[in-house]
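As numbered in this note's numbering, residues 111 to 348 make up the sequence shown, in order.
Note that beta-carbon positions come from the ideal geometry of N, C-alpha and C, so glycine has one too.
Treat the numbers as computed from the prediction; the structure is a model and nothing was measured.
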Amino acid sequence: MTVHKIFRMTVLSLIILTVAAVGAVMAQESAQGGTQEQLAAPPATEFEGTATLGLGKYFYLPAAKGYDIYVQGMIQGQDATFLNGKEVRVKGSMFKDEPSVFVADSIEIKDAAGQYQTVFTRAEEAKLENHLHTQERGGFAALAITKADKSEDWEGKGKAKVHGKLVGSTIIVTDEKGKEVGKILVDSTTEFANYYIQKLKLFDKFWFYIDIKETVDAKVRRKTRELFHADVIFAGLY
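Here is the structure:
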């Protein structure tokens with residue numbers, strides 16, 4: 111082997127080793143950067159502020175933006191309605207299977223002297239009841255109801271979502287021009303749906319996620335525009 115060939119092989123080996131070393135350093139820095147980001151922004155475990163809406167097992171705290179706070183158990187013998195308008199401090203963690211839900215481990219209320227007093231400590235495993243998980247909502251196709259006579263617009267759809275206005279126990283459905291197309295008769299509403307309906311009370315119309323039930327008799331439909339019965343599972347802006 112000539113000296114020239116030996117020199118070329120040596121240079122090539124040095125280049126390969128240099129590239130490998132640089133790659134290893136970059137990978138390490140990337141991993142460290144990711145770790146630093148995780149350490150810099152750990153999941154919140156405590157929120158403090160005034161509870162603006164409590165209903166059933168859920169309550170809303172503006173300081174806990176993006177979360178619905180879930181209470182597994184009673185608060186001094188009452189549900190989360192007890193917290194309405196009170197200054198609270200809640201400690202807990204995100205529900206493992208639902209990133210929008212924060213499970214309360216303890217709740218404290220500020221008394222007249224400005225001191226926090228514990229009013230709730232979770233003693234059982236959190237189980238979301240009648241809760242429509244975020245990842246499941248995409249499976250609800252939007253209903254396009256055109257006429258009261260066209261029962262094919264909803265029959266056989268099973269679970270779906272419909273845009274409308276809640277008036278009493280009836281969802282009013284309108285067309286693009288705002289003209290009433292029909293009415294959906296609400297037989298029941300889950301606690302979770304009721305909670306969201308209250309959150310959306312400033313909006314005139316929104317989406318109702320429903321379980322479609324029996325169709326109203328054709329003669330009655332023509333007269334009253336009552337379309338079908340349904341159970342409301344959830345409500346949202348989209």
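Locate the alpha helix (DSSP H) running through residue 53, then write down its first and last residues.
Given a span of 111 to 348 for the chain in the structure shown, any question on residue 53 remains unanswerable.
Nearest neighbour of residue 271, chosen from 183, 299, 348 and 332 [CA to CA]:
Walking along the sequence shown from the start, residue 271 turns up at place 161. When each option's Cα is compared against that of residue 271, the closest is 348.
How is residue 298 classed by DSSP in three states: helix, strand or coil?
Counting from 1 along the sequence shown, the entry for residue 298 is found at position 188. Strand, per DSSP.
So what's residue 337 in DSSP terms, helix, strand or just coil?
The residue given as residue 337 occupies position 227 in the sequence shown. Strand at residue 337.
Spatial neighbours of residue 120 within its chain, please: C-beta separation below 8 Å, excluding the five flanking residues on both sides.
Walking along the sequence shown from the start, residue 120 turns up at place 10. In this prediction, residue 120 has a pLDDT of 47, which is less than 50 and means its spatial position is unreliable; what the coordinates show is noted afterwards. Cβ neighbours of residue 120 beyond the five flanking positions: none.
On the three-state DSSP scale, how would you describe residue 248?
Taking the first residue of the sequence shown as 1, we reach residue 248 at position 138. Looking at residue 248 - three-state DSSP - the assignment turns out to be helix.
Considering only their Cβ atoms, is the gap separating residue 183 from residue 230 smaller than 8 Å?
Here residue 230 refers to the residue found at position 120 when the sequence shown is read from its first residue. Here residue 183 refers to the residue found at position 73 when the sequence shown is read from its first residue. A contact, by the Cβ cut-off of 8 Å.
Are the Cβ atoms of residue 247 and residue 319 separated by less than 8 Å?
Taking the first residue of the sequence shown as 1, we reach residue 247 at position 137. Taking the first residue of the sequence shown as 1, we reach residue 319 at position 209. Yes. Within cutoff.
Would you mind stating whether residue 258 and residue 292 have Cβ atoms separated by less than 8 Å?
What you label residue 258 is simply residue 148 of the sequence shown in a count that begins at 1. What you label residue 292 is simply residue 182 of the sequence shown in a count that begins at 1. Their beta carbons are under 8 Å apart, which means residue 258 touches residue 292 by this criterion.
Anyone know if the C-beta pair for residue 221 and residue 269 falls short of 8 Å?
What you label residue 221 is simply residue 111 of the sequence shown in a count that begins at 1. What you label residue 269 is simply residue 159 of the sequence shown in a count that begins at 1. No, Cβ-Cβ distance for residue 221 and residue 269 is not below 8 Å.
Would you identify the three-state DSSP class for residue 231, choosing helix, strand or coil?
If you number the sequence shown from 1, residue 231 lands on position 121. Three-state DSSP puts residue 231 in a strand.
Look at the alpha carbon of residue 201 and the alpha carbon of residue 207, and state the distance between them as a whole number of angstroms.
As a working note, residue 201 is residue 91 in the sequence shown. As a working note, residue 207 is residue 97 in the sequence shown. Each residue's alpha carbon lies about 18 Å from the other.
Candidates 245, 234, 236 and 190: which alpha carbon is nearest residue 218's?
Along the sequence shown, one-based indexing puts residue 218 at 108. Distances from the CA of residue 218 to each of 245, 234, 236 and 190 were compared; the closest alpha carbon is that of 190.
Give the secondary structure of residue 342 by DSSP, where H, G and I count as helix, E and B as strand, and everything else as coil.
Counting from one through the sequence shown, the residue named residue 342 turns up at place 232. Residue state, collapsed to three classes: strand.
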